[in-house]
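Engineer: Just so we're aligned, residue 1 is where the sequence shown starts under UniProt numbering, counting upward by one.
Glycine included, every Cβ here is placed at the ideal spot set by N, Cα and C.
No experiment lies behind these values; they were computed from the predicted model shown.
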Amino acid sequence: MILVVIGAIVIACLIAAGPIVAQDNLNRVTIFLDGRPLFEVAPAGSLTAQQRADYVSDTLKQIIKTAPPTVDVEIAGTDKLPVIKVNGSHLLSVTSNDTLTGRSPKKQARFWQRLLQNAIKRAFIERTQDYIVKAVFLSVGCWLWGLISSWGVGWLWHHRIKWLFNKKVTKSTHRHRPQPTLSAEIAGGTLILLFRVTILVFTLIYTSNLFPETRQLSRQLNDTFVQSLTWKIIWVGDKPYSVLGLLTLIGLFAALILLAKVVKKVLRSQILPLTNLSRPAQETIALIIHYTILFIGVIVLLQLWGIDFSSLAVFFGVLGVGIGLGIQGIAKECVSGLVLIFERPIQVGDFVNVGELMGTVENIGIRSTEILTLDQVSIIIPNSRFLEAEVVNWTHNNPVSRLKLPVGVAYGSDPIKVRSALIEAAKGHPEILDQPAPNVFFTGFGENALKFELLVWIEDPPKQFQIKSELYFLIEEILRHYHVDIPFPKLDLHVRSGNLPVDVSHQLIESLTQLSQELTQWMARQSHGTSHNGTSHNGTSHNGTSHRNVQINNTSDNN
């Protein structure tokens with residue numbers, strides 16, 4: 001948090017001092033040689049600073065192209081108006097406007113003389129064959145180093161760092177909540193990508209500064225980029241702003257958001273726990289301070305930036321219409337969030353039931369609320385649902401809650417014995433409170449069972465399902481011990497007479513009668529054939545007789 005505050009203060013100071021520095025250097029122009037800055041010149045007489053700088057730069061370029069390797073830089077003129085000459089040719093007159101505070105034109109001319117002598121000498125050296133060969137080999141080596149380093153960083157991330165991180169997260173899955181691995185992995189991959197790009201950019205900058213031509217091109221590109229950032233093309237009201245200014249403002253807003261989050265985290269973890277306040281009260285205080293810092297910070301930043309709020313009246317009017325038409329749902333959720341924060345029908349740590357969702361409130365935001373279910377799944381619920389629908393808050397003001405366990409026993413069981421067994425099961429569970437005492441109600445006679453209801457009190461509502469399950473195990477065991485049967489569905493059928501009151505058609509009766517007669521005849525024939533086979537002694541003669549009898553019978557049947 002301290003680093004964030006210091007960084008924000010430094011940025012604010014730089015922004016405040018920026019106009020002063022710019023105003024001081026407004027009338028000065030820098031002279032370059034082979035892309036390297038030499039010194040700055042000011043206007044002199046009828047010549048502007050830019051005209052003087054262009055003349056000196058063009059003259060130096062011409063000297064480098066045509067002059068011999070040995071160049072003589074000398075000072076002529078008077079002490080009040082010294083003149084710098086190169087090989088006897090006029091280059092620059094040093095005026096009092098060119099000097100720094102406390103330095104005479106003569107001293108300034110001598111200082112520039114040494115700078116020019118060294119710069120021209122270096123320019124000749126950089127154009128020799130030996131230097132060019134060395135620079136080429138150095139550039140190739142730098143690019144190989146940059147590519148290998150970039151590849152090595154990526155390899156370390158994918159094969160070592162990422163593996164160690166996933167291993168650490170896997171070991172920590174036994175905690176109350178699983179750690180968010182996806183967002184951390186994306187953040188790590190983004191940082192690695194930025195680091196690899198930074199390596200390549202620095203390699204490009206270093207190698208481009210090895211050669212005069214590429215150095216000049218790099219400086220021109222840099223100047224163009226800086227001018228595009230500092231060019232005021234964005235109008236807010238009557239004031240223009242540059243892209244760099246807008247990016248700086250966005251950076252300050254990001255720093256403000258980070259500062260508010262850090263303050264909120266420090267309040268939650270270190271300061272508010274010392275006050276002995278309840279957790280919901282601590283969360284409410286931290287949330288109010290968080291949004292207060294954001295609101296005041298935004299106002300202060302916009303005021304320091306020079307934005308007049310009166311000029312934004314039209315913008316806020318359009319924004320209000322947009323809120324009323326297009327984003328009224330978001331506005332509705334934000335208002336609901338403020339109601340939840342100040343009215344506090346639910347608080348962080350409460351065990352609630354919203355519709356079919358049941359869980360513990362983990363965080364109450366300005367737009368939505370996070371609930372952690374019993375399955376350890378985070379559910380994000382819009383705040384308006386807590387105000388428009390029925391919400392069961394099991395821990396509001398008092399976490400003690402009553403559980404109802406319906407129990408059915410078979411007919412013929414002793415109700416007194418059943419009541420004693422249920423009370424014994426309730427008292428045998430450590431999570432059941434002694435006061436209020438457990439109670440048993442005889443709720444009625446069911447179709448298959450005598451209905452009872454066991455009422456118990458607990459002080460930890462999130463564990464109600466576990467407690468119910470354990471109680472049912474105890475109840476089953478104790479009822480079995482007392483020889484009390486658990487009922488099952490059954491149906492008794494009583495028949496008053498032997499005749500079924502069923503209406504059958506006449507055709508069906510005739511068909512059934514005929515079928516019965518044919519079946520009787522077939523069974524008689526089968527019985528007659530079996531008796532003949534059993535009394536025969538000569539298989540051939542009797543078999544023949546049997547076949548004839550069957551044929552005669554069939555004939556008689558047909559007749």
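Roughly how many angstroms separate the alpha carbons of residue 347 and residue 250, rounded to a whole number?
Structural biologist: Here residue 347 is taken as the residue at index 347 of the sequence shown, counted from 1. Here residue 250 is taken as the residue at index 250 of the sequence shown, counted from 1. Their backbone Cα atoms lie some 33 Å apart in a straight line.
Engineer: Return the chain-ordered ranges of every alpha helix (DSSP H) run that is complete within the segment 388 to 456 and spans a minimum of 4 residues.
Structural biologist: 415 to 427
Engineer: Comparing C-alpha positions only, which one of 197, 205 and 210 sits nearest to residue 132?
Structural biologist: Against the sequence shown, residue 132 aligns to sequence position 132. If we check each option's Cα against that of residue 132, 210 comes out closest.
Engineer: What is the residue span of the alpha helix (DSSP H) that residue 219 lies within?
Structural biologist: Counting from 1 along the sequence shown, the entry for residue 219 is found at position 219. Its alpha helix (DSSP H) spans residues 212 to 230.
Engineer: Can you check the segment 87 to 125 for any beta strand (DSSP E) of at least 3 residues that lies completely inside it and give the ranges in chain order?
Structural biologist: 89 to 93
Engineer: Helix or strand or just coil, what does DSSP make of residue 193?
Structural biologist: Translated into the one-based positions of the sequence shown, residue 193 becomes position 193. Helix at residue 193.
Engineer: What is the rounded straight-line gap between the Cα of residue 297 and the Cα of residue 257?
Structural biologist: Residue 297 sits at position 297 when you count from the first residue of the sequence shown. Residue 257 sits at position 257 when you count from the first residue of the sequence shown. Their Cα atoms are separated by approximately 9 Å.
Engineer: Considering just the uninterrupted stretch of the beta strand (DSSP E) at residue 472, what are its terminal residues?
Structural biologist: Taking the first residue of the sequence shown as 1, we reach residue 472 at position 472. In the DSSP assignment, residue 472 falls outside any beta strand (DSSP E) and lies within the alpha helix (DSSP H) extending over 464 to 481.
Engineer: Look at residue 354 and residue 389 and say whether their C-beta atoms are less than 8 Å apart.
Structural biologist: The residue labelled residue 354 in the question sits at position 354 within the sequence shown. The residue labelled residue 389 in the question sits at position 389 within the sequence shown. In this structure, residue 354 lies near residue 389, with their beta-carbon atoms less than 8 Å apart.
Engineer: Nearest to residue 396 by alpha carbon, out of 282, 349 and 374?
Structural biologist: As a working mapping, residue 396 is identified with position 396 in the sequence shown. The option with the nearest alpha carbon to residue 396 is 349.
Engineer: Leaving out five residues before and five after residue 150 in sequence, what residues of the same chain have Cβ atoms less than 7 Å from its Cβ?
Structural biologist: In the sequence shown, residue 150 corresponds to position 150, counting from 1. Take residue 150, set aside five residues on each side of it, and the residues of its chain with a beta-carbon closer than 7 Å to its own are 196, 199 and 200, in chain order.
Engineer: Drop a sphere of 10 angstroms on the beta-carbon of residue 421, count the other beta-carbons inside from all chains shown, and report buried for 16 or more, exposed for fewer.
Structural biologist: For the purposes of this step, residue 421 is taken as residue 421 along the sequence shown, with counting starting at 1. Buried, since its Cβ has 16 or more Cβ neighbours within 10 Å.
Engineer: Quick check on the DSSP output: the alpha helix (DSSP H) that includes residue 57 runs from which residue to which?
Structural biologist: Working through the sequence shown from its first residue, we reach residue 57 at position 57. The continuous alpha helix (DSSP H) containing residue 57 extends over residues 49 to 66.
Engineer: Provide the residue(s) that pair with residue 358 in DSSP beta bridges, ordered along the chain.
Structural biologist: Looking up residue 358 in the sequence shown gives position 358. Residue 358 pairs with 353.
Engineer: For residue 204, verify whether its CB is less than 7 Å away from any heavy atom of the ligand MG.
Structural biologist: By its list of ligands, the structure shown contains no ligand whatsoever, and the ligand MG lies outside what it can speak to.
Engineer: In chain order, what residues of the same chain have a beta carbon less than 8 Å from the beta carbon of residue 399, not counting five sequence neighbours either side?
Structural biologist: Residue mapping note: residue 399 aligns to position 399 of the sequence shown, counting from 1. Same-chain partners within the cutoff: 351, 459, 460 and 461.
Engineer: Reducing DSSP to helix, strand and coil, say where residue 273 ends up.
Structural biologist: Reading the sequence shown from its first residue, position 273 is the one you call residue 273. Of the three classes helix, strand and coil, the one that applies to residue 273 here is helix, per DSSP.
Engineer: Alpha carbons only, please: which of 118, 409 and 441 is nearest the one belonging to residue 423?
Structural biologist: What you label residue 423 is simply residue 423 of the sequence shown in a count that begins at 1. Of 118, 409 and 441, the residue nearest in Cα terms is 441.
Engineer: Report the option in 193, 370, 287 and 375 whose CA atom is closest to the CA atom of residue 465.
Structural biologist: Taking the sequence shown and counting its residues from 1, one reaches residue 465 at position 465. Ranking 193, 370, 287 and 375 by Cα distance to residue 465 puts 375 first.
Engineer: Which of the three DSSP states is assigned to residue 33 in this structure?
Structural biologist: Against the sequence shown, residue 33 aligns to sequence position 33. Three-state result, residue 33: strand.
Engineer: Hey, how far is the Cα of residue 270 from the Cα of residue 28?
Structural biologist: Within the sequence shown, residue 270 is the residue found at index 270, counting from 1. Within the sequence shown, residue 28 is the residue found at index 28, counting from 1. One C-alpha to the other measures close to 53 Å.
Engineer: Considering only the beta carbon of each residue, do residue 37 and residue 97 sit closer than 8 Å?
Structural biologist: As a position in the sequence shown, residue 37 is number 37, starting the count at 1. As a position in the sequence shown, residue 97 is number 97, starting the count at 1. In this structure, residue 97 does not lie closer than 8 Å to residue 37 by Cβ.
Engineer: Sort 219, 127, 281 and 144 by Cα distance to residue 68 and report the nearest one.
Structural biologist: Taking the sequence shown and counting its residues from 1, the one referred to as residue 68 is at position 68. Answer by Cα proximity: 127.
Engineer: In whole angstroms, give me the CA-to-CA distance for residue 337 and residue 272.
Structural biologist: Reading the sequence shown from its first residue, position 337 is the one you call residue 337. Reading the sequence shown from its first residue, position 272 is the one you call residue 272. Between the alpha carbons of residue 337 and residue 272 lies a distance of about 22 Å.
Engineer: Please list, in chain order, all residues of the same chain as residue 109 whose beta carbon is under 7 Å from its beta carbon, the five residues on each side excluded.
Structural biologist: Counting from one through the sequence shown, the residue named residue 109 turns up at place 109. So the list reads 75, 82, 84 and 94, once near-sequence residues are dropped.
Engineer: Report the rounded CA-to-CA distance for residue 476 versus residue 447, giving the unit in angstroms.
Structural biologist: As a first step, residue 476 must be located in the sequence shown, where it is residue number 476. As a first step, residue 447 must be located in the sequence shown, where it is residue number 447. So the two alpha carbons sit approximately 21 Å from each other.
Engineer: Ordered along the chain, which non-local residues of its own chain (more than five positions away) have a Cβ less than 7 Å from that of residue 59?
Structural biologist: On the sequence shown, position 59 is the one that residue 59 refers to. The residues are 91.
Engineer: From the DSSP output, in three-state form, read off residue 366 for me.
Structural biologist: Your numbering for residue 366 matches position 366 in the sequence shown. Residue 366: coil per DSSP, three-state reduction.
Engineer: Touching or not, the segment 448 to 457 and the segment 404 to 416, by the rule of three or more beta carbon pairs under 8 Å?
Structural biologist: yes
Engineer: Is the distance from the Cβ of residue 391 to the Cβ of residue 485 below 8 Å?
Structural biologist: Residue numbering aside, residue 391 sits at position 391 when the sequence shown is read from its first letter. Residue numbering aside, residue 485 sits at position 485 when the sequence shown is read from its first letter. No, these two residues do not count as a Cβ contact at 8 Å.
Engineer: Could you check if residue 276 is buried or exposed, using at least 16 other CB atoms within 10 Å of its CB as the buried criterion?
Structural biologist: Here residue 276 refers to the residue found at position 276 of the sequence shown. It counts as exposed.
Engineer: Return the bridge partner residues of residue 382 from the DSSP annotation.
Structural biologist: Position 382 of the sequence shown, counted from the first residue, corresponds to residue 382. DSSP output for residue 382 lists 368 as bridge partner(s).
Engineer: Residue 443: buried (16+ other C-beta within 10 angstroms of its C-beta) or exposed?
Structural biologist: What you label residue 443 is simply residue 443 of the sequence shown in a count that begins at 1. Classification for residue 443: exposed.
Engineer: Select from 428, 70 and 290 the residue whose C-alpha is nearest the C-alpha of residue 122.
Structural biologist: One-based indexing of the sequence shown puts residue 122 at position 122. Checking every option, the nearest Cα to that of residue 122 belongs to 70.
Engineer: Alpha carbon to alpha carbon, how far is residue 152 from residue 23? Give it in angstroms, no decimals.
Structural biologist: As a position in the sequence shown, residue 23 is number 23, starting the count at 1. As a position in the sequence shown, residue 152 is number 152, starting the count at 1. The predicted position of residue 23 is uncertain, since its pLDDT is 37 and thus under 50; a value taken from the coordinates is nonetheless stated next. About 46 Å.
Engineer: With 16 as the cutoff for other CB atoms within 10 Å, does residue 483 come out buried or exposed?
Structural biologist: Residue mapping note: residue 483 aligns to position 483 of the sequence shown, counting from 1. Residue 483 comes out exposed.
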